[in-house]
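Quick note, my numbering runs 12 ahead of the 1-based positions in the sequence shown. Virtual Cβ for every residue (Gly too), placed ideally from N, Cα, C. Structure record follows, encoded as structure tokens.
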Amino acid sequence: MIDYNYFEYQAKIIRTKFVSDKTYLTKRFICKLGYTPNFCSPKSFNEKVTARMIFERSPLFTKLADKCAVRELVSAKIGDSYFVPLIGIYKCFDEIDFEQLPNQFVLKCTHDSGSAMICRDKSKFDVAAASAKIKNHLKMNMYFRKREWHYKDICPKILIEKYVDLYIDPKSQSTITTCRVHCFEGKPAYLEIDVQDSEGKDYSNMYDTEWELQPFRVDLKENSPIALAKPQQFKDIIELSEKLCFSYGYSRIDFLLSRDHVYFSEITLTPNAGRMVITPMEWDLKLGSLWLSY
């Protein structure tokens, strides 16, 4: 069977030899967002994210993007109690002894996005399918997929973490799947709350730091039709975000919420590879104006 994704990935590797990051990212930017960017004097949020991808080369960015290495950096800021408990770190899939794993767990790669697999019942977990997926991800380098250079030198490994029962909003009975805190100049500004209702439909709400629903959306996601109650962990989320900004002009700190705890998930420096669809469009400029140091 032909693996289209494999050939597409190989084509992307070849393309890096002939097409510069700036040229590639400019074309993708125009195609996705519909306007010509100015990376020399960026104004919009997406322009600044993409300019960061082209011009900034801090080794710290690579450590922050590495799901294994970032634990040490985060631990130095907030301690170890906010991590999802780690079951194991593996160099290859065949090292994993599934007999020794708990009935529920989460498996993912350290060097990319989109590789996570959730096991809610080990007796029903398709190990063969997981093996094929993870082995494929281990062979791929995120830099070649989206030109996010800080992923290029991450050593690929496999993490297995404890499964966490996610927080259910008491008003809407929707599950909060992710809490993303957009921070500018060392301060939390907006919280992007992803939720899934009881029928499996996904929504996303954007709030300010007073838990006021904001008049803009990202990635064309609809707002939840039922208002969400402010989580009891809200204060902790804000305080942890302030500690984890790492003094950069912009960073996004992601958390998972359980009924009574906040868990650190990841730090993102180039969301959507600089091609985040923001609606209404003027909010692309408004968010960009908060990033003063660029």
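Item                                                                                                   : Value
GLY46 - containing alpha helix (DSSP H), residue span                                                  : Here GLY46 belongs to no alpha helix (DSSP H), and DSSP marks it neither H nor E.
Rounded straight-line distance, which links the Cα of LEU113 to that of ILE172                         : 9 Å
Residue from ARG157, LYS169, GLU84 whose Cα sits closest to the Cα of SER93                            : GLU84
Segments of 3+ residues assigned as beta strand (DSSP E) that fall wholly inside the region 213 to 242 : 214 to 220
Best match in GLY286, ILE290, PHE30 for proximity to THR38 [C-alpha to C-alpha]                        : GLY286
Rounded distance between the beta-carbons of HIS149 and CYS121, thought under 8 Å                      : 5 Å
Contact the region 153 to 167 vs the region 208 to 220: 3+ CB pairs below 8 Å                          : no
Inter-residue Cα distance where the pair is PHE228 and SER277                                          : 24 Å
Touch test, the region 144 to 160 against the region 227 to 243, Cβ-Cβ under 8 Å, three pairs minimum  : no
As assigned by DSSP and simplified to three states, the class of LYS199                                : strand
Coil, strand or helix - TYR306 by DSSP                                                                 : coil
Min CB distance ASP231 to chain D below 8 Å                                                            : As a matter of chain content, chain D is missing from the structure shown, which is built from one protein chain.
Beta carbon of TYR219 nearer than 8 Å to that of TYR202                                                : yes
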